[in-house]
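According to my numbering, the sequence shown holds residues 4 to 397 in order.
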Amino acid sequence: MYLYLLALKGSRYTMTMIRNLGFIGWRGMVGSVLLERMQEEGDLDYVEELVLYSTSQAGQPGPELANAQPLLADATDLDSLSTMDVIISCQGGDYTQKIHAPLRSMGWQGYWLDASSTLRMNSDSTIILDPLNQSMIKENLANGKRDFIGGNCTVSLMLMALHGLFKENLVEWITAMTYQAISGGGAQQMRELLIQMGEIHEHARPLLHLRKSSILDIDSRVNEYLNSGALTTSSIGYPLANNLLPWIDIDLDNGTGREEWKGQAETSKILGREDNPIPVDSTCVRVATLRCHSQAFTIALSQDVGIDDLTDIMGQANQWVKVVPNNKQDTLQSLTPVAVSGSMDIAVGRIRKNAFDSKIMTVFTVGDQLLWGAAEPLRRMLGILSEQQAYSDS
Ligand code: HSE
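Okay, structure coming up:
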């Protein structure tokens, strides 16, 4: 048995403990957000032993956390990993590629929870976004599935925002125009964006502070600098500050990028509609924000529902959607990466009917790419594993 029951006899509540949890990549950006959320929510209370793994510092002391083993374990030690009931990996796709299959080949039957995309589309994997697909997750658990993988951040944030429309079966097709934060490219790229901003400012400063300088001279100076190759671009590859990059992830050589392909592929898998996919067509764009992905959707509705009803349907779908009234002041105050960053809110606004077709609507959404886009579905899966065991054992 991989999780064992701690029955509080005579109590209405049954709590199960996860006997041991191995965590790899807890020091990285997604991993640290996840660990912080797990601590905030008391998730470690139902983990009897937490083993923090490291690819480079095995044997050294780890952070002092509730129920954590004092020394870091070796993330490449399959024998050690195979003693875990649950493994969470935020270490990235290469690690998953290297470790997951050999571990399974050894006969390891534990639960593998992963933030990377490596296993996402495998038939044995479930993409986890429990506010939308909790019943699928539970069914797959009951059917013995053991790989539970976080979705692409853009897709998870889209589905959370449009949850109500899916519940009511209102969506015929979607186009998504994304405005994706640099956190999606990793911590190094986030740092580089800020470095680029500083370098540009440094370069413009002599003219900026000259009272008589012309804004057109400043603009030329900045643009020449951005095109000169002098800006630091070693991580992002291109200037992103004062710019945008309308391509994310690899080129599929058919006019689209892999990030765009994920829109429909992962949506279908999460909603259990692989045989009958909802068409999703995306243009994915990197913009100079730090950790919130924004998206503008055009959605063809299956019925001509009024705007007030649509607003209610969207706002009531889950506790995280926060509808922002469609006026200038509320929108600029609350429907922005600056307003949403670091919060669990999925801000949804600019809810409008298309000017020339009342069965088409437009919506704008903003969500934190590291929270609902990455860490949150994984930590919630731990809770589901614990609950599920309570039901199957009781
Ligand atoms: N691929 C996403 C991005 C992040 O580049 O923004 C991970 O889901």
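Every residue gets a Cβ at the ideal spot worked out from N, C-alpha and C, and that includes glycine.
Item: Cutoff 6 Å; reference S216; Cβ partners in own chain excluding five residues on either side; Value: L210
Item: Boundaries (first-last residue) of the alpha helix (DSSP H) holding C295; Value: Unbroken run through C295 is the beta strand (DSSP E), C295 to L304; no alpha helix (DSSP H).
Item: E51 CB to nearest heavy atom of the ligand HSE below 8 Å; Value: no
Item: Residue range of the alpha helix (DSSP H) that includes T157; Value: C156 to A164
Item: Environment of F300 [buried if 16+ CB atoms lie within 10 Å]; Value: buried
Item: Buried/exposed call for V341, threshold 16 Cβ in 10 Å; Value: exposed
Item: Secondary structure of R261, DSSP reduced to three states; Value: helix
Item: Segment limits, alpha helix (DSSP H) that includes N143; Value: D133 to A145
Item: Own chain, CB closer than 7 Å to I221, minus 5 neighbours either side, in chain order; Value: A207, L210 and L211
Item: Spatial distance of R149 from L234 (CA atoms); Value: 46 Å
Item: Other residues of its chain near N330: CB distance less than 6 Å, five sequence neighbours each side excluded; Value: none
Item: Backbone CA spacing between Q60 and A78 [nearest angstrom]; Value: 9 Å
Item: Assigned exposure category for S57 - 16 Cβ within 10 Å defines buried; Value: buried
Item: Bridge-paired residues (DSSP) for K325; Value: A350
Item: Separation of T314 from T236, as counted between CA atoms; Value: 42 Å
Item: Straight-line Cα distance separating R224 from A268; Value: 44 Å
Item: Inter-stretch contact (C-beta, 8 Å, three-pair minimum) for the stretch 367-377 and the stretch 340-357; Value: yes
Item: DSSP-derived helix/strand/coil call for R22; Value: strand
Item: T157 Cβ short of 8 Å to the ligand HSE heavy atom set; Value: yes
Item: Integer-rounded CB distance, given that I316 should sit under 8 Å from G113; Value: Not quite, the Cβ-Cβ distance comes to about 39 Å (not below 8 Å), so this is no contact.
Item: Assigned exposure category for P134 - 16 Cβ within 10 Å defines buried; Value: buried
Item: Continuous beta strand (DSSP E) stretch holding I281: start and end; Value: I281 -> no beta strand (DSSP E), and no H or E assigned at all.
Item: Same chain only: Cβ atoms within 6 Å of G189, ignoring 5 sequence neighbours per side; Value: none
Item: Given S119 as reference, the closest of R383, G376 and S389 once Cα atoms are compared; Value: G376
Item: L247 versus T19: straight-line alpha-carbon distance, rounded; Value: 48 Å
Item: Nearest neighbour of C287, chosen from L55, T99 and A184 [CA to CA]; Value: A184
Item: Per DSSP, the bridge partner or partners of A1; Value: Past the boundaries of the shown model lies residue 1; the chain is included only from 4 to 397, so the question cannot be answered.
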